[in-house]
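Chemist:
Residue numbers (the numbering used here): 7 to 186.
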């Protein structure tokens, strides 16, 4: 979402070089301190931005988009989506933590977080991870999703993972990717 990109992702991009330099020099306490400061700043700016967007979603949407074929009903619908994105600003500090993990060369926790996000979304209909190294863990995270109809997984699905596909209530399509 644009608000998240403007505040949190930009902040993470700015501190990544410093995090990487600290990690490369073995200054782990500095990595921890910078990441903690970045997460506090993300929360400090994220909460007021979220509150502002919650209350101003409709007028801002109307100002930016309502003209031509984009009418008042479209504004109301789009403002509802903006409010949903606004709530995500409150919980975006994890994006700063991701940068610390990248700087340390530890991508496993980021993958696990992504799988947890997938597992927590009951309304998924389509997941496309083709060309990624995702595998059995992805299938386990997605098993039992009532709306999931299409899955293109990564290159690390084993026979055990493929056997989990029976747990998909309405599974219609599966395609395994090659090596990335």
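Backbone N, C-alpha and C define an ideal beta-carbon position, used for all residues, glycine too.
1. Here's a check: name, in chain order, each residue in its chain whose Cβ is nearer than 6 angstroms to the Cβ of residue 72, leaving out the five neighbours to either side.
2. Keeping to the same chain, check which residues put their C-beta closer than 8 angstroms to that of residue 104; ignore five residues upstream and five downstream.
3. So, for residue 133: in the same chain, excluding its five sequence neighbours on each side, which residues have a beta-carbon less than 6 angstroms away from its beta-carbon?
4. Please say whether residue 67 and residue 37 have beta carbons closer to each other than 7 angstroms?
5. Rounded to the nearest angstrom, what separates residue 27 and residue 90 at their Cα positions?
6. DSSP beta-bridge partners for residue 82?
7. Would you report the Cα separation of residue 22 and residue 47, rounded to the nearest angstrom?
8. Hey, residue 85 and residue 55: beta-carbon distance below 7 angstroms or not?
9. With a 10 Å radius around its C-beta and 16 neighbouring C-beta atoms as the bar for buried, classify residue 40 as buried or exposed.
10. Would you decide whether residue 74 is buried or exposed? Buried here means 16 or more other CB atoms lie within 10 Å of its CB.
11. Grab me the residues of residue 53's own chain with a C-beta within less than 8 angstroms of its C-beta, minus the 5 sequence neighbours each way, in chain order.
12. Quick one: using the 10 Å Cβ neighbour count with 16 as the cut-off for buried, is residue 61 buried or exposed?
13. So what does DSSP say about residue 185, is it helix, strand or coil?
Modeler: This is what the structure holds:
1. 81
2. 18, 116, 119
3. 157
4. no
5. 36 angstroms
6. Answer is none; residue 82 lacks a bridge partner.
7. 15 angstroms
8. no
9. buried
10. exposed
11. 95, 96
12. exposed
13. Because residue 185 sits at a pLDDT of 44, beneath the cut-off of 50, its placement in the model cannot be relied upon, and the following sentence gives the value as read from the coordinates. The answer is coil: DSSP assigns residue 185 none of H, G, I, E or B.
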